[in-house]
Every structure is written in structure tokens, then in C-alpha cells.
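The following block contains the structure:
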């Protein structure tokens, strides 16, 4: 029984040890693990096939012994001897069947020889493995001795206590790591909270700075618009001043032109009167000259008459006709001279009238032009006043709309700030609630862990007490057994003096 146990333990140890190592090919020296680990089913299938083959070979070797080989060989020889007379009596023409039978017989013989060889080989292996099995049996017996068991128990207990101490140290380290992790997480959460608060404060400050900048930009824009409006108003005032100066200049020019016109009219009248006087003087002088000429002619004629009275007497009738002719000529010349002077006077009067008419027409056109300019300027002034009034109303509307927009924007910003503050309060409340919940969960978890630790400690204490009772019972059984065997008390005094409680701790 002990041998079977040792063989079973050895086989199990060999199987476990073989399962620890890598599977190598039986036909090659290449490591198959380099090409990936085979699946578990493939390994189990290969192992099952190998076990089946080994069992079949063992069954064959166990079933077929030396006697069986002798009987099989005798049977083959008898079959061969019986087949010879049959072949002689019944000669078959088919030689191929005979060859096949001979071949089968040869194969059977080779198979029998192979089985015999394997059986002898296994017998040799059993002879070589017999000493090792006996050594294992002895070793197993030694292990079953009480002293070895006690030593093994002490060793295992020491190992168990060392493992337990290591577990306790690992547990303490793990608890310390958990505490450090919890502390680190708390610190990290606090840091994140402070960072979040700092980021929120920074965002709030940036938003306030942005609002201040936007307000400053709006104020600068308002100032710029006011400055532009002042410049535009000043430009309009300058333009109005220029227009007024132009109007005043035009009025002064009109007054100067009127004065010049009056002066020109007066001078023209004076010139006309002077010219008329000159014409009249010239006409009188011409008439006087003509009268003097006539008088001279008359005097000359009278002198000639006196000188030539005698001769005229002879030619009185001719002279008379001649005188009459001369009178007629003189009358016609006088009439012609009078008519020419009248024509010149008429032409001068007509030219003066034409010049005066042109001057009046030019003055009328200039007056109409000035009137049109004044009307245009008046209309443009009214238009500018209307535009100024409309622009002023538009600016007032823009100011009103800008003021309303600023109020609306301020209300919107105040509402947004209120919403953001409410949202921040809500987030802070949620964060506070979450932190409190996490703290409560951590406290609950710590309480649960402490309870589990207490339970574990109580379980360990219970287990230690049970183990102490068990060891005491085993020790008492060992002592009673040793006493029954006649062993003296001095040999197991150390065992009796062993403090089990101290060892269990």
C-alpha cells in the first residue's frame, strides 16, 4: 500500500513537474514555444493519446507473456505444416495468394518478435527501477515518523507564521498605501478644488477686466463720436460763417455795384448832357459857320455884283437865273446840312438809348441773378437748417437708442452675472454635496473595513483557538502513543514544554 502510494505520489509529482516544463518535439530539437503556446485542448489531446498508447503497450506486454509467445509460434508452425499437404493435394494455380499468406505469416512473426523484445526491455526497466522504488518507500516511511512530522510541523508552522507576518506587513503596507492614497486623493481633490476656485476667480477677474475694457472702448467710442459731432458742428458753423460772409460779400458787392451803377448812370447822364451840349454847340457853330459862309458868299457876291454890276447888267437875266440857282443850291445845302445834323443827333440819341437799354438789361439780369442766388442761398440755408434739425433728431434718437442699448446690455450683463453667480453657487453646492458624500462614503467604507478587520481578527482568533485545541489534542495523542510505546518522558518533555499559543502567535 505504501509502495502504491509512493508510486502514485511519484507519478503525480512527475506529471506536475512535467506540466511545469515546456513541451518539446520528440522528433526535433526545436523549441515549439517559440512559435506560440499550443492550446490547452491540443496539449490534453496529445497527453491522452500518449497515455492510451502507453496503456495499450502495457496491456499487450501484460497479456502476452512467454507462454503466449510459444503457443502463438507453435500455432503458426502447425498452420504452416497443415497448409503444406493441402497445397500438395490441392495445387492452386494462383501463386499470388500464397505469397500474400507467406507475407502475413512473416509479419505476424516479426510482430511477435517485436512484442517479445519490448517485454524484455520493460522487464529490464523494472529491475532498474526497483531500487529507486524501495528508496522512495523508505523515504516515505521516514516522513511518516513522529519526529519528522513534528519537525515538518514546526517548520511548516514557522513558515506559516513567517507568511502570516509577511501578510500582516503587506496588509499594514497596503493599509498605509490606502491611507496615503486616500490622503493623496483628498489632497488632490482639495488641490483640484482650489485650482477650480482659482480658475473661476481668474475667469471672473478676466471677465471683469473684459467688461472694463469693453466699457472703456464704448466710452472711447462715445467720446470719439462726440468729438466727431463737435468737429462736424464746427465744420458746419465754419461753412455757415463762410456762407454768411459770402452773402455779406455779395450784398456789399451788390451795394457797390448799385453805387457804381448810380455813379455810372450819373456819369452817363452827365456825359450825355455834356455830349448833347457839345453837339448843340457844334451844331450852333456849324450853323454859325454856315451863316458866316453864307454871309461871306453873300458879301462876295455883293462885291462881285458891285464889281461886276456893269457886266451883270448885261447879263442880268442870266445872272438873276444864276442867283436863283445859287439860292436854290444854298437852300438845298442848308436843308442837307440840317438833315445830316438831325440824323447824327438821332443816331447819337439812339446809340445812347441802346447803350442805356443794354446797361438796364445787364443790371436787370444781374439783379435777377442776385435774386436767384439769394433765393438759392435761402433755400440752401433752409435745407441745411432742416438737415441740421433732422441730424440733431437722428443723433438724439441714436443717443436714446445707444442709452437704451447700454441699459439693456447692463441689465443683460447683470442678469448674466446673476445667472453665473447662481450657477457657481449651484456648482459649489453640488461640489460640496459631492465632497460630503465622498467623505461620508469614505467614512462608511472605512467603518466597513474596520468591521471586516475586526471580523477577520475575530476569525483569526477563533481559528487560532481551534488550532491550539487541535494541536493540543494531537500532541496529547502523540504523547499517549509514545507513552504506550514505552518512551520516557524526558524525550517528549520538549514537546510538552512547547508553548503552542506563543507559536501560534
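Numbering (our numbering), first residue to last: 690 to 1194. Yeah, the Cβ is synthetic: ideal placement off N, Cα and C, and Gly gets one too.
*Output the distance between the C-alpha atoms of residue 1092 and residue 1104, rounded to the nearest integer angstrom.*
Here residue 1092 corresponds to residue number 403 of the chain shown, with the count starting at 1. Here residue 1104 corresponds to residue number 415 of the chain shown, with the count starting at 1. Approximately 18 Å between the Cα atoms of the pair.
*Which word fits residue 1172, buried or exposed, when buried means at least 16 other C-beta atoms lie within 10 angstroms of its C-beta?*
As a working mapping, residue 1172 is identified with position 483 in the chain shown. The residue in question, residue 1172, is exposed, as its Cβ has fewer than 16 Cβ neighbours within 10 Å.
*Assign residue 1187 to one of three DSSP states: helix, strand, or coil.*
Start at 1 with the first residue of the chain shown, and residue 1187 comes out as number 498. If DSSP states are grouped into helix, strand and coil, residue 1187 belongs with coil.
*Count the other C-beta atoms from every protein chain shown that fall within 10 angstroms of the C-beta of residue 1190, then say buried if there are 16 or more, exposed otherwise.*
Position 501 of the chain shown, counting from 1, holds the residue named residue 1190. Counting Cβ neighbours within 10 Å, residue 1190 comes out exposed, since fewer than 16 surround it.
*Quick one, which of 920, 1038, 927, 914 has its alpha-carbon nearest residue 966's?*
For the purposes of this step, residue 966 is identified with residue 277 of the chain shown, where counting begins at 1. Checking every option, the nearest Cα to that of residue 966 belongs to 1038.
*For residue 929, which of helix, strand or coil comes out of DSSP?*
By one-based count along the chain shown, residue 929 stands at place 240. Residue state, collapsed to three classes: helix.
*So is residue 804 buried or exposed if we call it buried at 16+ other beta carbons inside 10 Å?*
One-based indexing of the chain shown puts residue 804 at position 115. By the 10 Å Cβ count, residue 804 comes out buried.
_If you measure between the beta carbons of residue 878 and residue 1155, is that distance less than 9 Å?_
What you label residue 878 is simply residue 189 of the chain shown in a count that begins at 1. What you label residue 1155 is simply residue 466 of the chain shown in a count that begins at 1. The answer is no: Cβ separation not under 9 Å.
*Tell me, please, whether the stretch 939-957 touches the stretch 1054-1070 by the rule of three or more beta-carbon pairs shorter than 8 Å.*
yes
_Reference residue 1045; option with closest CA among 1108, 1069, 956, 860_ = Numbered from its first residue, the chain shown carries residue 1045 at position 356. Comparing Cα-Cα distances from residue 1045 to each of 1108, 1069, 956, 860, the minimum goes to 956.
*Which of helix, strand or coil does DSSP assign to residue 783?*
On the chain shown, position 94 is the one that residue 783 refers to. Residue 783 falls in the coil class under three-state DSSP.
*For residue 863, does the count of other Cβ atoms within 10 angstroms reach 16, so buried, or fall short, so exposed?*
The residue given as residue 863 occupies position 174 in the chain shown. By the neighbour-count rule (16 or more Cβ atoms within 10 Å), residue 863 is not buried but exposed.
_Straight-line gap, residue 1169 to residue 866 (C-alpha atoms, nearest Å)_ = Residue 1169 sits at position 480 when you count from the first residue of the chain shown. Residue 866 sits at position 177 when you count from the first residue of the chain shown. About 50 Å.
*asked:* Suppose contacts are defined by Cβ-Cβ distances below 9 Å. Is residue 918 in contact with residue 1084 by that definition?
replied: Sequence index remark: in the chain shown, residue 918 carries index 229 (1-based). Sequence index remark: in the chain shown, residue 1084 carries index 395 (1-based). Yes, Cβ-Cβ distance for residue 918 and residue 1084 is below 9 Å.
*Using the rule of at least 16 other Cβ atoms within 10 Å of the residue's Cβ for burial, across every protein chain shown, is residue 902 buried or exposed?*
By one-based count along the chain shown, residue 902 stands at place 213. Under this definition residue 902 is an exposed residue.
*Say whether the stretch 904-915 touches the stretch 1065-1077, bearing in mind that this needs 3 or more beta-carbon pairs closer than 8 Å, one atom from each stretch.*
no
*With distances taken between CB atoms, is the gap from residue 1118 to residue 889 smaller than 9 Å?*
Within the chain shown, residue 1118 is the residue found at index 429, counting from 1. Within the chain shown, residue 889 is the residue found at index 200, counting from 1. No, these two residues do not count as a Cβ contact at 9 Å.
*asked:* Taking its Cβ as the centre, do 16 or more other Cβ atoms sit within 10 Å of residue 808, making it buried, or is it exposed?
replied: Your numbering for residue 808 matches position 119 in the chain shown. That one is buried.
*Beta-carbon separation of residue 1187 and residue 1162 under 9 Å?*
The sequence position of residue 1187 within the chain shown is 498, counting from 1. The sequence position of residue 1162 within the chain shown is 473, counting from 1. For residue 1187 and residue 1162, no; Cβs fall outside 9 Å.
_Selected residue, minimal CA-CA separation from residue 970, among 1108, 1034, 1043_ = Looking up residue 970 in the chain shown gives position 281. Comparing Cα positions, the closest option is 1034.
_C-alpha distance - residue 1073 paired with residue 934, whole-angstrom precision_ = Here residue 1073 corresponds to residue number 384 of the chain shown, with the count starting at 1. Here residue 934 corresponds to residue number 245 of the chain shown, with the count starting at 1. Taking the straight line from one Cα to the other gives about 16 Å.
_C-alpha distance - residue 887 paired with residue 1087, whole-angstrom precision_ = For the purposes of this step, residue 887 is identified with residue 198 of the chain shown, where counting begins at 1. For the purposes of this step, residue 1087 is identified with residue 398 of the chain shown, where counting begins at 1. About 41 Å.
*Output the distance between the C-alpha atoms of residue 875 and residue 1102, rounded to the nearest integer angstrom.*
The count along the chain shown starts at 1 and reaches residue 875 at position 186. The count along the chain shown starts at 1 and reaches residue 1102 at position 413. Distance between the alpha carbons of residue 875 and residue 1102 is about 37 Å.
*Output the distance between the C-alpha atoms of residue 894 and residue 1106, rounded to the nearest integer angstrom.*
Against the chain shown, residue 894 aligns to sequence position 205. Against the chain shown, residue 1106 aligns to sequence position 417. So the alpha carbons of these two residues sit roughly 12 Å apart.
*Distance, residue 1032 Cα to residue 968 Cα*: Sequence index remark: in the chain shown, residue 968 carries index 279 (1-based). Sequence index remark: in the chain shown, residue 1032 carries index 343 (1-based). About 12 Å.
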